[in-house]
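Residue numbers (the numbering used here): 667 to 949.
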């Protein structure tokens, strides 16, 4: 049966409206939507407006700027506007670098090693769980007492909620090598999750990268920041990276996407020499 409910008609974004909405994203999230992506911005706003029955941009604008309800709706819109396409072990050379770093620190440790990792833009969790599975396997192959934890954050609260659930389609298992599949639980022919022993090592939260300079006592051995910097203009990228340096433990590793930043340097950081990766180590 087809519904007789009419399709809500929404007019295209005018130039003034485009500047207004793109300016809001830049102000709140630091995300830049260039003019050539105006249709992308329009389609995402359209789809959310249709879902909740708005036909005018100005009325929807008033709604998302209206207190608690507006904040909740803003979170839903952000989820549409930020990209969550990801996979397990998405860039294997970078994960190999993290594995080498952890094994080296285990080897150098005389007592208990506590190893903390941060997945900066975790989306629906695949990256964060990949780090946890990697660390879990490394811990099983040493006599040194080793504890690890993964903090996973994203600007989108709906994405973080999905990450906490840790339920994935069977197709995603194709990117997980056999050595890590002992960390998985098959739910049925179509879905799988990760073991509780892995989930216990995870901490999820909503975090806006523009707030990276806020004081924090937490320090990490690895900060994994891939596939997110591309959405920011160059000055904001540098602002984010400079802020992340303060979150690193001594000898800590900052892992970036290969093509996301050019010519960045920091007086406290040294470039890591490993093929097909872009990473820096705290001096």
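Quick reminder that beta carbons are idealized off the backbone N, C-alpha and C, glycines included.
Here the structure is a predicted model, which means the values were calculated and not measured.
Could you work out which residue in the options is closest to residue i when comparing CA atoms only?
i, options, result
"residue 940", "919, 679, 733 and 926", "919"
"residue 875", "856, 869 and 896", "896"
"residue 770", "904, 808 and 815", "808"
"residue 910", "888, 925 and 859", "888"
"residue 894", "782, 926, 801 and 860", "926"
"residue 697", "678, 912 and 898", "898"
"residue 884", "762, 706 and 816", "816"
"residue 798", "703, 862 and 718", "862"
"residue 720", "733, 739 and 704", "739"
"residue 694", "902, 848 and 858", "902"
"residue 943", "783, 761 and 935", "761"
"residue 879", "860, 908 and 853", "908"
"residue 855", "846, 871, 836 and 700", "836"
From the DSSP output, read off the bridge partner residues of residue i.
i, result
"residue 947", "919 and 936"
"residue 872", "820"
"residue 859", "833 and 851"
"residue 914", "886"
How is the alpha helix (DSSP H) around residue i delimited, first residue to last?
i, result
"residue 863", "862–865"
"residue 805", "792–806"
"residue 907", "900–911"
"residue 708", "704–718"
What would DSSP say about residue i, mapped onto helix, strand or coil?
i, result
"residue 930", "coil"
"residue 669", "Confidence in residue 669 is poor, its pLDDT being 47 and thus under 50, which makes the residue's placement unreliable; the coordinate value appears in the next sentence. In the structure shown, residue 669 sits in coil (DSSP, three-state: anything other than H, G, I, E or B)."
"residue 729", "helix"
"residue 679", "coil"
"residue 826", "helix"
"residue 815", "strand"
"residue 772", "helix"
"residue 699", "coil"
"residue 753", "coil"
"residue 942", "coil"
"residue 1008", "Outside the shown range of the chain (667 to 949) lies residue 1008, about which nothing can therefore be said."
"residue 722", "coil"
For the beta strand (DSSP E) that contains residue i, what are its first and last residues?
i, result
"residue 779", "779–785"
"residue 887", "886–891"
With a threshold of 8 Å between beta carbons, is residue i in contact with chain B?
i, result
"residue 760", "Protein chain content of the structure displayed is limited to a single chain, and chain B is not contained in it."
Are there three or more Cβ pairs, one per stretch, closer than 8 Å when the segment 906–918 is compared with the segment 941–949? yes
Do the segment 811–824 and the segment 782–798 touch if we need at least three Cβ pairs shorter than 8 Å? yes
Check whether the segment 839–850 and the segment 753–763 touch, using three or more Cβ-Cβ pairs below 8 Å as the test. yes
Between the segment 852–869 and the segment 791–806, do at least 3 Cβ pairs fall closer than 8 Å? yes
Is the segment 678–687 touching the segment 699–710, taking contact as three or more C-beta pairs under 8 Å? yes
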